[in-house]
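Sequence positions in the sequence shown follow the working numbering and run 47 to 275.
C-beta atoms are modelled at their ideal positions from N, C-alpha and C, and glycine is treated no differently.
Down below is the structure, laid out as structure tokens.
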Amino acid sequence: MDETFIVPNVGYENYTREALRQFIVNLTQQSPDLVNLTFLRNVSDAVTHSSRDPMSVVIPITVFYAVIFLAGVLGNVTTCTVISRNKSMHTATNFYLFNLAVSDLLLLVWGMPPEIYNIWYPAQYPFNQSFCILQGLLSETSTNATVLTITSFTVERYIAICHPFRQHTMSKLSRAVKFILAIWIVAFCLAIPQAFQFGIVAVETIGSICTASTLIAYLLFYPTISCFR
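So this is what it looks like as structure tokens:
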């Protein structure tokens, strides 16, 4: 009868990720028959806990992020609802505010939940490479759209205040809609080269994370930010 060998999950949290990995490799090479599923699960859980920050740090950050997420979603959804349901608010300025709320909402939905998950389970990225690229594409697009919307809104307000006679031609509702459409096209085009530099990268002290994996992403990112500033 085969003998089952189970190593309890005790004390592994005191080891580093590299020490635990090397321990598994050595044990598998020396006694492969003694390594069962329960043991591997115990060590895997230990690796996750060893790479995670202390609970005194994780819980406050989680609460803080959750408050930001809920407040952001509630505020942006309310803004979109109020503007869309009141025809008297269908102005160029409010359309820019509506677009700003949409871009912020998109960034919150795609950025905050994975970030909260990564705080609790930093050892392993839960999705595949395609989702990582999609997440980067949508995050970069919404970020670019936010910056471009603020810029367009500022220009529109400048024209309304400093050149009031041009306001009737430059601040028309139809023109604002065209500007908003152009904003999303430009934001999407700027995000494509950045998104395809995203990938799942193995970090020795943390685990696998979704981030910019090549130098070209940084070369594209910082000039874009500098241009918008």
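{"query": "Looking only at its chain, what residues have a beta carbon closer than 7 angstroms to the beta carbon of F45, apart from the 5 residues adjacent to it on each side?", "result": "Any property of residue 45 remains undetermined from this structure, which presents the chain solely from 47 to 275."}
{"query": "Go ahead and label N18 buried or exposed: buried means 16 or more other beta carbons lie within 10 angstroms of its beta carbon, across all protein chains shown.", "result": "No information on residue 18 is available, as it lies outside the stretch 47 to 275 that the chain covers here."}
{"query": "Using the three-state DSSP reduction, which class does T257 fall into: helix, strand or coil?", "result": "strand"}
{"query": "In angstroms with no decimal places, state the Cα-to-Cα distance between W230 and A191.", "result": "6 angstroms"}
{"query": "Tell me, please, which residues DSSP counts as bridged to Y246.", "result": "Residue identity check: residue 246 is Ile in the sequence provided, not Tyr. BP columns for I246 point to C256."}
{"query": "Between S102 and chain C, is there a C-beta pair that is closer than 9 angstroms?", "result": "Annotation note: the requested chain C is absent from the structure, which comprises a single protein chain."}
{"query": "If we call anything under 9 angstroms between Cβ atoms a contact, is L146 one with G118?", "result": "no"}
{"query": "Just to confirm, is the Cβ distance from A206 to T125 under 9 angstroms?", "result": "no"}
{"query": "Do you know how far the Cα of I179 is from the Cα of Q243?", "result": "8 angstroms"}
{"query": "If we count the other Cβ atoms within 10 Å of its Cβ and call it buried at 16 or more, is V93 buried or exposed?", "result": "Because V93 carries a pLDDT of 45, less than 50, the predicted location of this residue cannot be relied on, and the following value inherits that uncertainty. It counts as buried."}
{"query": "Would you please state the rounded distance, in angstroms, between the beta carbons of L183 and A258? I believe it to be under 8 angstroms.", "result": "In fact, because the Cβ distance is near 12 angstroms, the residues do not count as touching under 8 angstroms."}
{"query": "Assuming the contact rule is C-beta atoms closer than 8 angstroms, T195 and S134 should be a hit. Round their C-beta distance to whole Å, please.", "result": "Not confirmed; about 22 angstroms, so no contact."}
{"query": "Reducing DSSP to helix, strand and coil, say where F173 ends up.", "result": "coil"}
{"query": "Curious, which full-length alpha helix (DSSP H) runs of at least 4 residues does the stretch 116-154 contain?", "result": "none"}
{"query": "Would you tell me roughly how many angstroms separate the C-alpha atoms of A112 and Y167, rounded to the nearest one?", "result": "16 angstroms"}
{"query": "Tell me whether K224 sits in a helix, a strand or coil according to DSSP, three-state version.", "result": "helix"}
{"query": "Rounding to the nearest angstrom, what Cα-Cα distance links L154 and Q170 in this structure?", "result": "22 angstroms"}
{"query": "I need the straight-line Cα distance from V89 to F110, nearest angstrom please.", "result": "Unreliable positioning characterises V89 in this predicted model, as indicated by a pLDDT of 46, which lies under 50. A coordinate reading is not provided."}
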